[in-house]
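Novice: Numbering (the working numbering), first residue to last: 7 to 440. Supplied in structure tokens, the structure appears directly below.
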Ligand SMILES: Cc1cc2nc3c(=O)[nH]c(=O)nc-3n(C[C@H](O)[C@H](O)[C@H](O)COP(=O)(O)OP(=O)(O)OC[C@H]3O[C@@H](n4cnc5c(N)ncnc54)[C@H](O)[C@@H]3O)c2cc1C
């Protein structure tokens, strides 16, 4: 049961982008409703079990502060995060606290299923729960569903996949293991450098989160014996705050467009088959994993790419790699173009030069032809290459915060999004852009 049927700001989707948007708009005094399909917060950061946070440090400049840093600080204080690795439980707990402090109303187990639009303005949303369907009104809307669902429901423009091939990035079902002898497996990597990915430097500090990716020699043998998934080329894991635990970003689910329920069901099945084979392989073949055990698999298969909005400005791969700067900057990032290749597509990781960063312009969060709808996180307006850089959690948080600030100012100044003075938005986001 909602507290009201009229809100200043409605945010659809409670991943890191939606949480940041709602906290910002709530802390600026708006009545905010955050609608979430799951009965818990976090999206990919919890249901997807994604850890660690990708980098937002460029040289010694920390580009994302604001709400993102509040999330980090809260998780560290409760022992749920070290370095950049964290647990889903810590994320959910801190997000819950921040939303409460900002007086945000959260509707769990609730799906946004319809949008009524008049002259480019969303007037009503239709939401559905197990107990029925209802309508609600708001002045501003923010789509942080990851899949640009509100954009699509409002018949605003969107794109999906590679501009030429239509391909979407591979899916991954995360899992966690415990009982890993990390030092032993790290030593193995030093002795077999040729079997590990080129970005590894083999300098390990075991007091921090470490990343290991490879074991290709052992995998080749296991594949020849039919004991390893054909579509997985390497094992990639990063350690977690508790010693001997790791988060595995390893399964590689190809040939699936995850925008339909049937396809997600298939992905779920493939993901679990791959986890079983990979864990068995690690236990039997990989030094350091003899006593390791599976702790859990993610609640859902991780989805990197589905629909994204067509925005007033579409950030490109060139913008990312050339460290573009914009007059209407509202967030910044330094992560490069990271495409997990689909079937018959090469994976890519193109980095920026050391010390470089790019701006994210407000226009890439403003949905084309929409008067009161913005997007953040994975729904951002970008080409496929641009999206492949902007989708990471720190940037998703910063773009969410920017949407929250802009929507709240439109409400407070009783005006439309395009009439909110940029200087006022900037004032609210100085942490992230100064
Ligand atoms: C396998 C994988 C590995 C990754 N690795 C990293 C990494 O190492 N580091 C990093 O920083 N980033 C990583 N990322 C990227 C990052 O995790 C995501 O892009 C980011 O978390 C997206 O956040 P979001 O808030 O935009 O969307 P999401 O986290 O997807 O949240 C969207 C939310 O909206 C809800 N929702 C959807 N539709 C509706 C609806 N109609 N009604 C109500 N609610 C709805 C969903 O339930 C969900 O909770 C990875 C992603 C994947 C998939």
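Here a beta-carbon is modelled for each residue, glycine too, at the ideal position from N, C-alpha and C.
Return helix, strand or coil for residue 349, following the three-state DSSP convention.
Specialist: Residue 349: coil per DSSP, three-state reduction.
Novice: Between residue 198 and ligand 3, is there a pair consisting of the residue's CB and a ligand heavy atom that are separated by less than 7 Å?
Specialist: As for ligand 3, it is missing from this structure, which binds only ligand 1.
Novice: What is the rounded straight-line gap between the Cα of residue 201 and the Cα of residue 195?
Specialist: Distance between the alpha carbons of residue 201 and residue 195: 8 Å.
Novice: Are the CB atoms of residue 406 and residue 392 nearer to each other than 8 Å?
Specialist: No; because the gap between Cβ atoms is not below 8 Å, this pair is not in contact.
Novice: Whole angstroms is fine: what's the gap from residue 441's alpha carbon to residue 54's?
Specialist: Since the first residue shown for the chain is 7 and the last is 440, residue 441 is missing from the structure and cannot be characterised.
Novice: Between residue 314 and residue 165, which are expected to be in contact by the criterion C-beta below 8 Å, what is the C-beta distance as a whole number of angstroms?
Specialist: Residue 314 to residue 165, Cβ: 6 Å. Contact.
Novice: Mind reading off the beta-carbon distance from residue 244 to residue 250? Whole number of angstroms is fine, and I expect it under 8 Å.
Specialist: With a Cβ gap of about 13 Å, residue 244 and residue 250 do not count as contacting.
Novice: Name the DSSP beta bridge partners of residue 133, please?
Specialist: Answer is 118, 140.
Novice: How many angstroms separate the CA atom of residue 153 from the CA atom of residue 197?
Specialist: Cα to Cα, residue 153 sits roughly 43 Å from residue 197.
Novice: Beta carbon of residue 384: closer than 7 Å to some heavy atom of ligand 1?
Specialist: Yes, the beta carbon of residue 384 sits closer than 7 Å to at least one heavy atom of ligand 1.
Novice: DSSP state of residue 81, grouped into three classes?
Specialist: The answer is helix: DSSP assigns residue 81 an H, G or I state.
Novice: Measure the beta-carbon distance from residue 462 to residue 320 and round it to whole angstroms, keeping in mind my assumption that it falls under 8 Å.
Specialist: The structure shown does not extend to residue 462, since the chain is modelled only from 7 to 440, so the question has no answer here.
Novice: May I ask you to check if the CB of residue 44 is nearer than 7 Å to at least one heavy atom of ligand 1?
Specialist: Answer for residue 44: yes, Cβ within range of ligand 1.
Novice: By how many angstroms is the C-alpha of residue 370 removed from the C-alpha of residue 169?
Specialist: Approximately 17 Å between the Cα atoms of the pair.
Novice: Determine the contact status of residue 113 and residue 42, defining contact as a CB-CB distance below 8 Å.
Specialist: Cβ atoms of residue 113 and residue 42: closer than 8 Å.
Novice: Verify the contact flag: residue 56, CB atom, against every heavy atom of ligand 1, threshold strictly below 7 Å.
Specialist: Because some heavy atom of ligand 1 lies under 7 Å away, the Cβ of residue 56 counts as near it: yes.
Novice: Is residue 175 near residue 306, with beta carbons less than 8 Å apart?
Specialist: No, these two residues do not count as a Cβ contact at 8 Å.
Novice: Kindly indicate the opening and closing residues of the beta strand (DSSP E) around residue 314.
Specialist: Unbroken beta strand (DSSP E) run through residue 314: 313 to 315.
Novice: Going by DSSP, what residues sit across from residue 338 in a beta bridge?
Specialist: 365.
Novice: Under the assumption that residue 341 contacts residue 395 (Cβ atoms under 8 Å), give the Cβ distance between them as a whole number of angstroms.
Specialist: With a Cβ gap of about 5 Å, residue 341 and residue 395 count as contacting.
Novice: Could you tell me whether any non-hydrogen atom of ligand 1 is closer than 7 Å to the CB of residue 400?
Specialist: The answer is yes for residue 400.
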